[in-house]
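Q: Below is the structure I would like to discuss, written out as structure tokens.
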Amino acid sequence: MSGPSIGKTPLHIQIFIAMIIGALIGAGLRFGLTDTARDSTAVVWLAAILTGMGKLFISLLKMVIVPLVGSSIVVGVASIGDSKNLGRLGIKTLGFYTLTSLLAITIGLATSNIIAPGNGVEIALEGAKAVDPSKLSTPGSPFEIILRMVPTNPVAALADMDMLGIIFFSLIFGVTLTTMPDEHRDRLLNFINSLFETMMKMTGAIIALAPFGVVGLVFRAIYEIEDPSFFSALGAYFMTILIGVSLHLFVVLPIVLYLFTRKNPLVHFAHMRNALLTAFSTSSSSATLPVTMECVEEQAGVNNKISSFVLPLGATVNMDGTALYECAGVLFIAQVMGADLSFTQQMLVVVTALLASIGAAGIPSAGLVMIFIVLDAVGLKGEQVGIIVGSMLAIDRPLDMLRTATNVFSDSVGAVIIAHSEGEVEPKT
Ligand code: ASP
Numbered sequence: 001m002s003g004p005s006i007g008k009t010p011l012h013i014q015i016f017i018a019m020i021i022g023a024l025i026g027a028g029l030r031f032g033l034t035d036t037a038r039d040s041t042a043v044v045w046l047a048a049i050l051t052g053m054g055k056l057f058i059s060l061l062k063m064v065i066v067p068l069v070g071s072s073i074v075v076g077v078a079s080i081g082d083s084k085n086l087g088r089l090g091i092k093t094l095g096f097y098t099l100t101s102l103l104a105i106t107i108g109l110a111t112s113n114i115i116a117p118g119n120g121v122e123i124a125l126e127g128a129k130a131v132d133p134s135k136l137s138t139p140g141s142p143f144e145i146i147l148r149m150v151p152t153n154p155v156a157a158l159a160d161m162d163m164l165g166i167i168f169f170s171l172i173f174g175v176t177l178t179t180m181p182d183e184h185r186d187r188l189l190n191f192i193n194s195l196f197e198t199m200m201k202m203t204g205a206i207i208a209l210a211p212f213g214v215v216g217l218v219f220r221a222i223y224e225i226e227d228p229s230f231f232s233a234l235g236a237y238f239m240t241i242l243i244g245v246s247l248h249l250f251v252v253l254p255i256v257l258y259l260f261t262r263k264n265p266l267v268h269f270a271h272m273r274n275a276l277l278t279a280f281s282t283s284s285s286s287a288t289l290p291v292t293m294e295c296v297e298e299q300a301g302v303n304n305k306i307s308s309f310v311l312p313l314g315a316t317v318n319m320d321g322t323a324l325y326e327c328a329g330v331l332f333i334a335q336v337m338g339a340d341l342s343f344t345q346q347m348l349v350v351v352t353a354l355l356a357s358i359g360a361a362g363i364p365s366a367g368l369v370m371i372f373i374v375l376d377a378v379g380l381k382g383e384q385v386g387i388i389v390g391s392m393l394a395i396d397r398p399l400d401m402l403r404t405a406t407n408v409f410s411d412s413v414g415a416v417i418i419a420h421s422e423g424e425v426e427p428k429t
């Protein structure tokens with residue numbers, strides 16, 4: 001699955017073409033016209049329509065977040081209860097997944113702070129209100145971050161798009177569901193599962209519209225952003241994510257695998273090559289799941305009892321590449337907007353990035369949809385944010401491919417480590 005696309009051309013090629021079209025129109029109108037021509041009704045209208053296309057696309061993306069994330073988390077967590085006696089295995093698996101995601105986020109945090117790709121950029125947009133850094137959410141202490149996660153009214157959290165509250169409630173709801181008698185659990189879970197599948201399809205359909213959104217967003221970026229350094233900053237952002245995710249995939253995860261199992265990571269990479277290539281070419285960990293299971297069982301020798309539990313759960317909740325990206329992406333946006341995030345604000349980003357990666361669906365570009373959640377949590381909103389995210393979307397595909405491969409590899413490392421600890425790996429590896 002490379003995500004639904006309109007027509008036969010793969011979506012990422014369409015997005016690439018859209019980016020060029022948007023950039024050409026933007027540059028043509030900005031540099032190729034006299035001031036009078038630029039003020040003519042036709043040009044003003046064209047600019048308004050293109051800008052509107054970009055805004056519409058961002059609104060559509062935001063529209064799916066609440067139901068997609070809520071249902072994704074409940075379904076992912078509740079799958080723990082599909083078989084009996086999974087308590088210990090469930091806790092071990094979730095513990096491991098949280099550990100590797102936090103390691104990934106730490107790398108994202110470090111690379112973004114060291115490289116600081118968005119520093120020194122100004123993107124003043126005509127008519128768009130600038131962000132007042134003092135208005136950003138500033139939790140007083142790490143404890144306050146936890147406190148903020150608990151929604152006193154879950155229905156209000158849904159209505160107000162309080163994502164921290166929604167994620168927290170969905171996690172607890174999913175866990176509680178696993179303890180319910182079959183009759184109740186199945187009824188609710190079937191319903192939420194159908195909701196999740198429908199939302200995945202809807203999200204896919206909206207992402208298929210990305211080329212239109214990208215034309216509009218890239219057009220506006222080129223037409224209106226005054227400071228050309230924004231575009232080199234975008235390149236630096238790309239490199240930051242590339243370096244961070246590669247570090248996690250090629251250094252941290254292999255070390256973790258070795259430390260826990262003493263297995264040769266290179267051999268494990270070789271075992272997983274089909275899954276990695278599938279993840280890379282589909283940008284979807286859900287679509288890759290069957291291949292991941294095949295590699296982990298047939299090549300790495302993990303017993304099906306373990307892999308059939310650890311891998312589907314991992315494909316939904318364990319996304320190291322996405323977690324790293326959420327954190328680094330938000331820090332980049334904050335840097336571009338001139339918002340110098342304090343320590344506690346960065347901690348808020350860490351916690352929300354973890355939750356956003358848990359809630360992200362395993363489909364192409366899901367990580368980009370989730371970035372709004374982390375942005376919202378720190379209070380980064382407004383039109384500039386839309387433009388920056390749009391520009392990030394235009395160059396997202398290669399990053400998504402790498403994130404997805406990392407997500408899948410982390411699941412497989414989890415499966416081998418858990419199986420090893422349970423004595424369920426065949427000695428052939
Ligand atoms: N495409 C990724 C996945 O399926 C999610 C993301 O966009 O980060 O794992």
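In our numbering, the protein residues as written are 1 to 429.
Note that the Cβ used here is the ideal one computed from N, Cα and C, for glycine as well.
#1: When you measure from the CB of Tyr97 to every non-hydrogen atom of the ligand ASP, does any distance come out below 7 Å?
#2: Confirm the yes/no value for this check: CB of Pro364, any heavy atom of the ligand ASP, distance under 7 Å.
#3: For a test of your reading of the model: does the CB of Asn318 fall under 7 Å from any non-hydrogen atom of the ligand ASP? Yes or no.
#4: Contact between the stretch 376-383 and the stretch 294-305: three or more CB pairs below 8 Å?
#5: Whole angstroms are fine: how far does the CA of Gly54 sit from the CA of Leu33?
#6: Whole angstroms is fine: what's the gap from Gly52's alpha carbon to Ile58's?
#7: Could you tell me which of Asp162, Ala156, Val155 sits nearest to Met149, measuring between CA atoms?
#8: By DSSP, does Val425 sit in helix, in strand, or in coil?
#9: Residue range of the alpha helix (DSSP H) that Gln384 falls in?
#10: Answer yes or no: do Glu326 and Ile388 have a C-beta to C-beta separation smaller than 8 Å?
#11: Using a Cβ-Cβ cutoff of less than 7 Å, which residues in the same chain neighbour Val175 once the five nearest sequence positions on both sides are dropped?
#12: Could you have a look at Val214 and say whether DSSP puts it in helix, strand or coil?
#13: Between which residues of its own chain and Leu102 is the CB-CB distance below 7 Å, once the five residues before and five after are set aside?
#14: Among the residues of its own chain, which have a CB less than 6 Å from the CB of Ala435, if the five just before and after it don't count?
#15: For the ligand ASP, is there any heavy atom lying closer than 7 Å to the beta carbon of Ala360?
#16: If you check the beta carbons only, do Ile25 and Thr203 fall under 8 Å apart?
#17: By DSSP's criteria, Val302 is part of a beta bridge. Which residues make up the other side?
#18: Say whether the stretch 88-99 touches the stretch 410-423, bearing in mind that this needs 3 or more beta-carbon pairs closer than 8 Å, one atom from each stretch.
#19: Quick check on Glu297: does DSSP put it in helix, strand or coil?
#20: May I have the straight-line CA-CA distance separating Val317 from Ala360, to the nearest angstrom?
#21: With distance defined between alpha-carbon atoms, name the residue in Asp320, Leu158, Val385 nearest to Ser412.
#22: Measure the alpha-carbon distance for Thr240 versus Thr111 and round it to whole angstroms.
#23: Give the secondary structure of Gly379 by DSSP, where H, G and I count as helix, E and B as strand, and everything else as coil.
#24: Contact defined as beta carbons within less than 8 Å: I believe Leu242 pairs with Leu402. What is the distance between those atoms, to the nearest angstrom?
#25: Given a cut-off of 8 Å, decide if Val408 and Thr261 are closer than it, judged by their beta-carbon atoms.
#26: With distances taken between CB atoms, is the gap from Leu341 to Ala315 smaller than 8 Å?
#27: Leaving out five residues before and five after Thr404 in sequence, what residues of the same chain have Cβ atoms less than 6 Å from its Cβ?
A: Taking the definition as stated:
#1: Within the sequence shown, the letter at position 97 stands for residue 97. It does not: the Cβ of Tyr97 is nowhere closer than 7 Å to a heavy atom of the ligand ASP.
#2: The count along the sequence shown starts at 1 and reaches residue 364 at position 364. Checking the Cβ of Pro364 against the ligand ASP gives yes.
#3: Within the sequence shown, residue 318 is the residue found at index 318, counting from 1. Checking every heavy atom of the ligand ASP against the Cβ of Asn318, none is found closer than 7 Å.
#4: no
#5: As a working mapping, residue 33 is identified with position 33 in the sequence shown. As a working mapping, residue 54 is identified with position 54 in the sequence shown. Cα to Cα, Leu33 sits roughly 22 Å from Gly54.
#6: Your numbering for residue 52 matches position 52 in the sequence shown. Your numbering for residue 58 matches position 58 in the sequence shown. So the alpha carbons of these two residues sit roughly 10 Å apart.
#7: As a working note, residue 149 is residue 149 in the sequence shown. Among Asp162, Ala156, Val155, the Cα nearest to that of Met149 belongs to Asp162.
#8: Locating residue 425 in the sequence shown gives position 425, where the first residue counts as 1. Strand at Val425.
#9: Here residue 384 is taken as the residue at index 384 of the sequence shown, counted from 1. Looking at the DSSP string, the run of the alpha helix (DSSP H) that includes Gln384 is 383-394.
#10: Looking up residue 326 in the sequence shown gives position 326. Looking up residue 388 in the sequence shown gives position 388. Against a cut-off of 8 Å, the Cβ pair of Ile388 and Glu326 comes out as no contact.
#11: Here residue 175 is taken as the residue at index 175 of the sequence shown, counted from 1. So the qualifying residues of the chain are Val77.
#12: By 1-based counting over the sequence shown, the position of residue 214 is 214. Correct three-state label for Val214: helix.
#13: Start at 1 with the first residue of the sequence shown, and residue 102 comes out as number 102. Leu354, listed in sequence order.
#14: No answer is possible for residue 435: the residues shown for the chain start at 1 and end at 429.
#15: Locating residue 360 in the sequence shown gives position 360, where the first residue counts as 1. Yes, since a heavy atom of the ligand ASP falls inside the 7 Å radius drawn around the Cβ of Ala360.
#16: Counting from 1 along the sequence shown, the entry for residue 25 is found at position 25. Counting from 1 along the sequence shown, the entry for residue 203 is found at position 203. Contact flag unset, no.
#17: Residue 302 sits at position 302 when you count from the first residue of the sequence shown. Answer is Val425, bridged to Val302.
#18: yes
#19: Here the question's residue 297 lines up with position 297 in the sequence shown. Note: Glu297 maps to helix in three-state DSSP.
#20: The count along the sequence shown starts at 1 and reaches residue 317 at position 317. The count along the sequence shown starts at 1 and reaches residue 360 at position 360. For Val317 and Ala360, the distance between alpha carbons rounds to 7 Å.
#21: To locate residue 412, count along the sequence shown from 1; it is residue 412. Ranking Asp320, Leu158, Val385 by Cα distance to Ser412 puts Asp320 first.
#22: Counting from one through the sequence shown, the residue named residue 240 turns up at place 240. Counting from one through the sequence shown, the residue named residue 111 turns up at place 111. Each residue's Cα considered, the two are about 6 Å apart.
#23: Residue 379 sits at position 379 when you count from the first residue of the sequence shown. Here Gly379 sits in coil by DSSP.
#24: One-based indexing of the sequence shown puts residue 242 at position 242. One-based indexing of the sequence shown puts residue 402 at position 402. Contact flag correct, Cβ pair sits at about 7 Å.
#25: On the sequence shown, position 261 is the one that residue 261 refers to. On the sequence shown, position 408 is the one that residue 408 refers to. The answer is no: Cβ separation not under 8 Å.
#26: Stepping through the sequence shown from its first residue, residue 341 is reached at position 341. Stepping through the sequence shown from its first residue, residue 315 is reached at position 315. No.
#27: Within the sequence shown, the letter at position 404 stands for residue 404. Around Thr404: Ala279, Ser283, Ser285.
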